[in-house]
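What follows is one structure encoded as structure tokens, with my remarks underneath.
4 protein chains.
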Amino acid sequence: MVQIRVYYEDTDAGGIVYHSNYLNFCERARSEIFFKIGKNPMDENGHFVVRRVEADFLSSAKLGDILTVKTTLFESKKASCTLLQQIYKENELIFRATVNLAYIRDGKVVKIPQEKIDILATF
Amino acid sequence: MVQIRVYYEDTDAGGIVYHSNYLNFCERARSEIFFKIGKNPMDENGHFVVRRVEADFLSSAKLGDILTVKTTLFESKKASCTLLQQIYKENELIFRATVNLAYIRDGKVVKIPQEKIDILATF
Amino acid sequence: MVQIRVYYEDTDAGGIVYHSNYLNFCERARSEIFFKIGKNPMDENGHFVVRRVEADFLSSAKLGDILTVKTTLFESKKASCTLLQQIYKENELIFRATVNLAYIRDGKVVKIPQEKIDILATF
Amino acid sequence: MVQIRVYYEDTDAGGIVYHSNYLNFCERARSEIFFKIGKNPMDENGHFVVRRVEADFLSSAKLGDILTVKTTLFESKKASCTLLQQIYKENELIFRATVNLAYIRDGKVVKIPQEKIDILATF
């Protein structure tokens, strides 16, 4: 669970959070899983890439709101894993996405390092 | 068809375009449909919102690349419409999304103004 | 004092934080002064605007770093105020800016509301 | 001279372009000087970094505006150079900055490659 404050830079002229920023918030939450235990999601020559996203924008958030991102690993295969990420404003679910990730090393898709899957799974 | 140059701000430490920026590129392309004929996607008290995105990240782009965004309206209902948006790097399809849009006025979902649908359809 | 984690979205292909994002971090810190006491930097029809920035980029930050933003009001006039904002990576000063702000209401520069100056001054 | 359209992602809840994005627009203009002649501002192990910015935000821009960025090299030393960058909305100067750049190779400030200075100077 990661908490995120909505700042000016996150909003647009519609007065609410710009839609793609919810994906950024999800990425922060994924990365924070690693950072908070002193690890890094990125290796010297390897890093996660997003392969597919299905996202539902259920409600909106505005300047000053505090959002909570919940992340669950719900499928793990050799070459990819899928996370469910949900963003809440207080108790209201405002965004939900499934995010499919692969791992790239030297420009090629490789097996996701077991250590990284374990970190995502135990979170 | 909108052409977009990849600048530093679009990339991340992985050396490639940060994933959610492809959604920004798609939004630029949708807005440009209106701007280029002297119209605005946003009214005084109404604007489009993204309700659902299904996105496939097929390949990557890097600093200096020129990308082309192609947009097609493929479904139009009373309260929402769905666009297919494809991003090419030269002849290679690198990103593809279906983007479902609704129209909000004074915070409520309303019928999409016919003039706006017509603009999206004739594009 | 506001703490900020550096995420992928903040970095660029040079492997470090994209330069203008330090200004975003400073804006987060200014806004947080208001948010943390339950106030909003923005009124119904008024908000701060940045009029001038002098910024020194002294060192760099990378993915996963935790930065601390320190903000001090060092001049307050009727129609503008100037803040000193410093960003530290552990004990190292990596960015320093003076940020001159005015207050806009209905598109015109007005006297900064006394309540807002008081909040910035007591911080 | 580079032309830039203002899109939703560039604006904030104040209804105008978020202040730090003018620095992004300036960076796009600097990079485009290289891209448009088939060069890259970034080498394999070297790239420009911003060392100091003095920026005046003179007026604002909003969704759909077309901005023009003019860039002039006005000082060039061994280890740094300074550009004047001005952003116009039609004939109105809305932003002006001096941007001091250094060149970094393997994490260290080095002499700016002559080829890169020549490109900036002849522009």
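Chains as they are written, first to last, in the working numbering: chain X, 1 to 123; chain W, 124 to 246; chain Y, 247 to 369; chain R, 370 to 492. Heads up, the beta-carbon is just placed ideally off N, CA and C, and yes, glycines get one too. Quantities reported herein were computed from a predicted structural model and do not represent experimental measurements.
Boundaries cannot be given for Tyr377 (chain R), as no alpha helix (DSSP H) includes it and DSSP labels it neither H nor E. Per DSSP, reduced to three states, the secondary structure at Glu413 (chain R) is coil, with no helix or strand assignment. Think of a sphere of 8 Å around the beta carbon of Asn163 (chain W): no beta carbon from chain X falls inside it, the nearest being about 11 Å out. Chain-ordered, the chain Y residues with CB closer than 8 Å to the CB of Leu392 (chain R) read His265, Ser266, Leu269. The shortest C-alpha to C-alpha distance from Ile340 (chain Y) to any of Y:Asp289, Y:Phe320, Y:Lys316 is the one to Y:Lys316. Ala136 (chain W) reaches chain X at Met42, His47, counting residues in chain order whose Cβ is nearer than 9 Å. If only uninterrupted beta strand (DSSP E) runs of at least 3 residues are considered, those enclosed by the segment 286-345 of chain Y are 292-303, 312-322, 327-335. Leu339 (chain Y) has a beta carbon lying at 8 Å or more from every beta carbon in chain W. A contact between stretches requires three or more CB pairs, one per stretch, nearer than 8 Å, and the segment 386-394 of chain R fails this requirement with the segment 349-362 of chain Y. Taking C-beta separations shorter than 6 Å and ignoring five residues to either side along the sequence, the partners of Val110 (chain X) in its chain run Tyr103, following chain order.
When C-beta atoms of the segment 372-387 of chain R are compared with those of the segment 7-16 of chain X, three or more pairs fall below 8 Å, so the two segments count as touching. When secondary structure is reduced to three states using DSSP, Tyr103 (chain X) falls in the strand class.
Per DSSP, Lys231 (chain W) lies in no alpha helix (DSSP H); the unbroken beta strand (DSSP E) holding it starts and ends at 231-233. Under a criterion of Cβ atoms nearer than 9 Å, no residue of chain Y is adjacent to Val479 (chain R); the nearest Cβ is some 14 Å distant. With contacts defined as CB atoms closer than 8 Å, Ile262 (chain Y) and Lys335 (chain Y) fail to qualify as a contacting pair.
Listed in chain order, the non-local C-beta contacts of Leu427 (chain R) below 7 Å within the same chain comprise Leu462, Ile463, Phe464, Arg465, local neighbours out to five positions each way being set aside.
Minimum Cα-Cα distance from Thr368 (chain Y) among the listed residues Y:Ser322, Y:Gln332, Y:Val345 corresponds to Y:Ser322. Between the alpha carbons of His416 (chain R) and Asn409 (chain R) lies a distance of about 10 Å.
For Phe34 (chain X), the nearest beta carbon of chain W is not closer than 8 Å to its own beta carbon. Lys116 (chain X): member of the alpha helix (DSSP H) spanning 114-122, first to last residue.
Listed in chain order, the positions of the segment 439-458 of chain R with a beta carbon within less than 8 Å of a beta carbon of chain X would be empty, since no residue qualifies. Burial check for Met1 (chain X): the Cβ neighbour count within 10 Å stays below 16, so the residue is exposed. Closest in alpha carbon position to Ala325 (chain Y), among Y:Gln249, Y:Thr314, Y:Pro359, is Y:Pro359.
Cβ contact annotation for Asp487 (chain R) (same chain, cutoff 6 Å, sequence separation greater than five): none. The residue among X:Tyr18, X:Asp65, X:Lys116, X:Leu120 with its C-alpha nearest the C-alpha of Ser277 (chain Y) is X:Asp65. Scanning its chain for C-beta atoms nearer than 6 Å, with the 5 sequence neighbours on each side dropped, one finds around Arg421 (chain R) the residues Asn469, in chain order. Interface flag for Ala121 (chain X) against chain W is unset, since no Cβ pair is found closer than 8 Å.
With 16 or more neighbouring CB atoms inside 10 Å of its own CB, Gln85 (chain X) falls in the buried class. According to the DSSP assignment, Ile279 (chain Y) belongs to the alpha helix (DSSP H) that extends over 267-281. Nearest C-alpha to Thr328 (chain Y) among Y:Asn337, Y:Ser306, Y:Glu300: Y:Glu300. Distance from the Cα of Asn267 (chain Y) is smallest, within the candidate group R:Asp425, R:Lys485, R:Asn460, R:Val419, for R:Val419.
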